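For the protein sequence lines, the chains are C and E, in the order given.
Straight run, no breaks: the first sequence in the working numbering ends on number 761.
Straight run, no breaks: the second sequence in the working numbering ends on number 761.
Where a beta carbon is used, it is the ideal one built from N, C-alpha and C, also for glycine.
Everything numeric in this text was worked out from a predicted model, so none of it was measured.
There are 2 protein chains.
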Amino acid sequence: MSNRPLILISNDDGVQAQGIRELTRMMCRLGDVIVVAPDGPRSAASCCISPLTTIIIRLLKQEDGLTVYQCSGTPTDCVKLALDGLLTRKPDLMVSGINHGDNASISIHYSGTVGAALEACMKQVPAIAFSLKTKSQQCNFLPFEELIIQTARYALENGLPQDVLLNVNFPEVEALKGTKVCRMSRGRWMKEMEKEKEGAYHLTGYFQNLEPDAEDTDYWALEHGYAAITPIQLDMTASAWLEELKGSFVVRG
Amino acid sequence: MSNRPLILISNDDGVQAQGIRELTRMMCRLGDVIVVAPDGPRSAASCCISPLTTIIIRLLKQEDGLTVYQCSGTPTDCVKLALDGLLTRKPDLMVSGINHGDNASISIHYSGTVGAALEACMKQVPAIAFSLKTKSQQCNFLPFEELIIQTARYALENGLPQDVLLNVNFPEVEALKGTKVCRMSRGRWMKEMEKEKEGAYHLTGYFQNLEPDAEDTDYWALEHGYAAITPIQLDMTASAWLEELKGSFVVRG
Numbered sequence: 509m510s511n512r513p514l515i516l517i518s519n520d521d522g523v524q525a526q527g528i529r530e531l532t533r534m535m536c537r538l539g540d541v542i543v544v545a546p547d548g549p550r551s552a553a554s555c556c557i558s559p560l561t562t563i564i565i566r567l568l569k570q571e572d573g574l575t576v577y578q579c580s581g582t583p584t585d586c587v588k589l590a591l592d593g594l595l596t597r598k599p600d601l602m603v604s605g606i607n608h609g610d611n612a613s614i615s616i617h618y619s620g621t622v623g624a625a626l627e628a629c630m631k632q633v634p635a636i637a638f639s640l641k642t643k644s645q646q647c648n649f650l651p652f653e654e655l656i657i658q659t660a661r662y663a664l665e666n667g668l669p670q671d672v673l674l675n676v677n678f679p680e681v682e683a684l685k686g687t688k689v690c691r692m693s694r695g696r697w698m699k700e701m702e703k704e705k706e707g708a709y710h711l712t713g714y715f716q717n718l719e720p721d722a723e724d725t726d727y728w729a730l731e732h733g734y735a736a737i738t739p740i741q742l743d744m745t746a747s748a749w750l751e752e753l754k755g756s757f758v759v760r761g
Numbered sequence: 509m510s511n512r513p514l515i516l517i518s519n520d521d522g523v524q525a526q527g528i529r530e531l532t533r534m535m536c537r538l539g540d541v542i543v544v545a546p547d548g549p550r551s552a553a554s555c556c557i558s559p560l561t562t563i564i565i566r567l568l569k570q571e572d573g574l575t576v577y578q579c580s581g582t583p584t585d586c587v588k589l590a591l592d593g594l595l596t597r598k599p600d601l602m603v604s605g606i607n608h609g610d611n612a613s614i615s616i617h618y619s620g621t622v623g624a625a626l627e628a629c630m631k632q633v634p635a636i637a638f639s640l641k642t643k644s645q646q647c648n649f650l651p652f653e654e655l656i657i658q659t660a661r662y663a664l665e666n667g668l669p670q671d672v673l674l675n676v677n678f679p680e681v682e683a684l685k686g687t688k689v690c691r692m693s694r695g696r697w698m699k700e701m702e703k704e705k706e707g708a709y710h711l712t713g714y715f716q717n718l719e720p721d722a723e724d725t726d727y728w729a730l731e732h733g734y735a736a737i738t739p740i741q742l743d744m745t746a747s748a749w750l751e752e753l754k755g756s757f758v759v760r761g
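And the structure:
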């Protein structure tokens, strides 16, 4: 068995996407790599899983230090399958992406890229989601390589806090201005349904940042040429509101 | 136009499920109701959306104070469609469920019931997700009716804090011991993949509560006969860890 770290990779754009191929190349600098990724695009898969269908995997590549599987399921299925079905030991790190399209602000709730990383985090594997704010399927990921390596190495050497993962977004630039550690921006999607004909619609719309001047947010960083690193947590409890709410529901049901 | 409150309902078990039919009957006590729900089961749909397909809706019922649509999309698609395509005014309340199966602890990340409520919350509509800890498709929801009415009335009269929704879970009992306002329990799903044959798996597994003695958690409430009301928030930033992380990434990228 290799003494190198074991790194699991998945994404939501599918195993053939440029982003995951670049991320795989980068991670091979740091350890032994296993890729388990969907067999086609699963954008906006969130943490969706497939309880009702058989999940099919196929080995695409097995060479020294690199194993690649494609999977018929969602990104979350891929991570569950890797951790519960394929691997004989827990990975030292899980990375997801590099997504073609940002996953900042509330878009993390829809993101299969973040969903895959959340799943690894739930299983106590340090996890990082990487996304590039682009609309293109062919991108230049090289300007981000050293930060990706540095972030991955940080997680490998230090681990991450319990139930916390890193969500990293890049602006589409030739050279980053720098890196901001930041919180999720408030935002919303607007005009999301376009009518095709009576009874038939398709998704569309645009994102509106509700805090365009907040320099401590992920969206501000992206719009100003910085990489955004946001720690996100599994616990969604609105803790600040617990006590107030307790006063309202002193009831016997 | 009616002066009664307008209440939007969705779920992830599909428009024909007993839980949404019961919830619809209950909400008709409080206001005019529009149901937009999937045309079949979408369990574990999370916040998944359908950007690549046409979404088809069909009007099933239109009578005084009650309109029912079925939709080919996910629970989140249903809510987007209702708010952006079908309704001419913003609802006063959105309720989701009643789900057949609990959505406590980390299971909220997979839940289409919670996903639908998150979507309404993102659109500034007060939202509540209701779930019953059961494995049955035929359940007795009557023991929870008064708490459901009370919770919905609370949200109608007071609203909910910005970017916060309520996640309500019931134990399968004939009479609730009471109601607990509580946080998400830490937990994990175990042994989730069962091999059918070489290269073919299906999801299975069981939930393990990692804090069985923590009386302030949703899972403790459920296991002791109480309804669990957990406020959850859109912002997943791990705020407690922001400052520590800032020291680690003072880099130029």
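Inside the stretch 570–649 of chain E, DSSP marks whole beta strand (DSSP E) runs of 3 or more residues at positions 574–579, 601–608 and 635–640, from first to last along the chain. Going by beta carbons, Asp726/E and Ala736/E fall inside the 7 Å limit. For Arg691/C, the nearest CB of chain E lies under 7 Å from its own CB, placing it at the interface with that chain. Per the Cβ contact rule, the stretch 738–754 of chain E is not in contact with the stretch 701–714 of chain E (fewer than 3 Cβ pairs under 8 Å). The three-state secondary structure of Asp726/C, taken from DSSP, is helix.
For the stretch 666–693 of chain E, the set of positions with a beta-carbon nearer than 9 Å to some beta-carbon of chain C reads Asn666, Leu668, Pro669, Gln670, Asp671, Val672, Leu673, Leu674, Asn675, Phe678, Ala683, Leu684, Lys685, Gly686, Thr687, Lys688, Val689, Cys690, Arg691 and Met692 in chain order. Among the CB atoms of chain E, one or more fall inside 7 Å of the CB of Asp743/C. Under the 7 Å criterion on CB atoms, Trp728/E is classed as non-interfacial with respect to chain C.
Counting only runs of 3+ residues, the beta strand (DSSP E) found wholly inside the stretch 525–566 of chain E occupies 540–546, in chain order.
Between the C-alpha atoms of Glu700/E and Gln716/E there is a straight-line separation of about 12 Å. For the C-beta of Cys555/C, the chain E residues within less than 7 Å are, from N- to C-terminus, Ser554, His617 and Tyr618. In this structure, the alpha-carbon of Val603/E lies about 36 Å from that of Phe678/C. The beta-bridge partner set that DSSP reports for Arg696/C consists of Gln716/C. With fewer than 16 other Cβ atoms from the protein chains shown falling within 10 Å of its own Cβ, Ala748/E counts as exposed. Taking the Cα of Ala545/C as reference, the smallest distance to any Cα among Cys629/C, Gly527/C and Leu538/C is reached at Gly527/C. In the three-state reduction of the DSSP assignment, Phe652/E falls in the helix class, which pools H, G and I. Annotated as proximal: Asp724/C and Cys690/C, with beta-carbon spacing under 7 Å.
In the DSSP assignment, Lys754/C falls outside any beta strand (DSSP E) and lies within the alpha helix (DSSP H) extending over Leu750 to Ser756. Met701/E reaches chain C at Lys588, Leu589, Asp592 and Gly593, counting residues in chain order whose Cβ is nearer than 7 Å. Pro599/C is not a Cβ neighbour of Val576/C, given a cutoff of 7 Å. Using a Cβ-Cβ cut-off of 9 Å, Glu653/E is close to nothing in chain C; its nearest Cβ partner there is about 10 Å away. Against chain C, the CB of His608/E has no partner CB under 7 Å away; the residue lies outside that interface. Within the same chain, Ser510, Arg512, Leu514 and Gly573 come within 6 Å of Asp540/E by CB-CB distance, once the 5 residues on both sides are set aside. Of Thr582/C, Met698/C, Leu753/C and Pro739/C, the smallest CA-CA separation from Ser756/E is found for Pro739/C. Remark: C-beta atoms of Glu627/C and Thr584/C approach each other more closely than 7 Å. Against chain C, a Cβ distance below 7 Å from Thr738/E picks out Thr745. Spanning the alpha carbons of Gly667/C and Lys754/E requires a straight line of approximately 16 Å.
Taking CB atoms only, Arg696/E has a neighbour in chain C less than 7 Å away. Arg691/E is bridged by DSSP to Thr725/E. A distance below 7 Å separates the beta carbons of Leu531/C and Gly605/C. The three-state secondary structure of Asn666/E, taken from DSSP, is helix. Under the DSSP definition of a beta bridge, Leu516/C partners with Ile542/C and Met602/C. With respect to the 7 Å criterion, Asp592/E and Pro549/E are not classified as neighbours on the basis of their beta carbons. Under the three-state reduction of DSSP, Ala660/E is assigned to helix.
Contact between Glu702/E and Thr562/C fails: their C-beta atoms lie close to 10 Å from each other, not under 8 Å. For Thr738/E, the uninterrupted beta strand (DSSP E) segment begins and ends at Tyr734 to Gln741.
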